[in-house]
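S.K.: Mind having a look at this structure? Questions to follow.
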Amino acid sequence: MLRDLLPLALRDRYDAARSDRRVINGVQVWFRNERADIDNALLEARLTEALALIGRCMPHNLRRLRSDVSAIWVKRWPNRGVFFHDTRLMVVDTTFVVNPTFTLAQVAATILHEGVHARVTAMRVNRRHTSIADEERLCRRAEIAFGRLAPGGAPVVARAMEILGMSDADVAPGIDLAVADARLRALRRKEGGSGTAS
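Take any residue in the sequence shown, note its place counting from 1, add 8, and you have its number in this note's numbering.
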């Protein structure tokens, strides 16, 4: 498969070109659903509802999100979400978005959390002079504020409060993209695929 022959750095470009693109609530959203058991309509509906919930509970955050991120990319990822400062892309995991054990508030809180990272990037904060743990705590405080306003937000508040009490290393674990790629390949194999995306 062509994708497998590409260096890790080029795989995102390959996948991006094959993503379905929409504008939802003024936010550019890309969908790359690799799972036959995940309904595309449900995936889009849940993400749309999550953005609408942010718009109802914390409209200023949704307004900022529209300019602070280049796109929200909904695709398979080994955790709930991540924001890439260099491209301003937010990635949210497909299986997390549609998982019925997570409330809509939890999905929205992940988008909000990564949106705070996007806001810090948009403000051009020099990360050499700031603590990533402090930035993570800022994200968690935003989650708490949101969770207190959103229906079904109690799990958001509980998780964020728990994480706020952790050490700097535990609050802000680093992301190694090679490790993330290996985890993603393992997940794909476990889910019945070849470990690669088509």
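All C-beta atoms, glycine included, are put in the ideal place defined by N, C-alpha and C.
For clarity, every value in this text was computed on a predicted model and none was experimentally measured.
Less than 7 angstroms between the C-beta atoms of Arg127 and Arg193, yes or no?
M.R.: Contact flag unset, no.
S.K.: Determine the DSSP secondary structure at Leu97, reduced to helix, strand or coil.
M.R.: It is a strand residue.
S.K.: I'd like the span of the alpha helix (DSSP H) that includes Gly160, first residue to last.
M.R.: It is not in any alpha helix (DSSP H) - Gly160 carries neither H nor E in the DSSP assignment.
S.K.: As an exercise, report each continuous beta strand (DSSP E) stretch of at least 3 residues that is fully enclosed by the region 32-100, in chain order.
M.R.: Complete beta strand (DSSP E) runs here, min 3: 35-40, 79-83, 89-92.
S.K.: Less than 7 angstroms between the C-beta atoms of Ala116 and Ile80, yes or no?
M.R.: Not a contact, by the Cβ cut-off of 7 angstroms.
S.K.: Which residue's Cα is closest to the Cα of Trp85: Leu97, Asp101, Asp94, Arg74?
M.R.: Here the closest residue by C-alpha is Asp101.
S.K.: Does DSSP put Arg132 in a helix, a strand or coil?
M.R.: DSSP places Arg132 in coil when its eight states are reduced to three.
S.K.: Taking the alpha carbon of Ile46 as the point to measure from, which residue in Asp20, Asp23, Phe104, Ser27 has its own alpha carbon closest?
M.R.: Of Asp20, Asp23, Phe104, Ser27, the residue nearest in Cα terms is Phe104.
S.K.: For Arg26, does the three-state DSSP call read helix, strand or coil?
M.R.: Residue state, collapsed to three classes: coil.
S.K.: Please state if the CB of Glu151 and the CB of Leu112 are separated by a distance shorter than 7 angstroms.
M.R.: For Leu112 and Glu151, no; Cβs fall outside 7 angstroms.
S.K.: Nearest CA to the CA of Arg250: which residue from Thr129, Val124, Tyr22, Arg132?
M.R.: The structure shown does not extend to residue 250, since the chain is modelled only from 9 to 206, so the question has no answer here.
S.K.: In angstroms, rounded to a whole number, what distance separates the CA positions of Cys147 and Glu122?
M.R.: Going from the Cα of Cys147 to the Cα of Glu122 covers about 7 angstroms.
S.K.: Would you report the Cα separation of Leu18 and Ala25, rounded to the nearest angstrom?
M.R.: About 11 angstroms.
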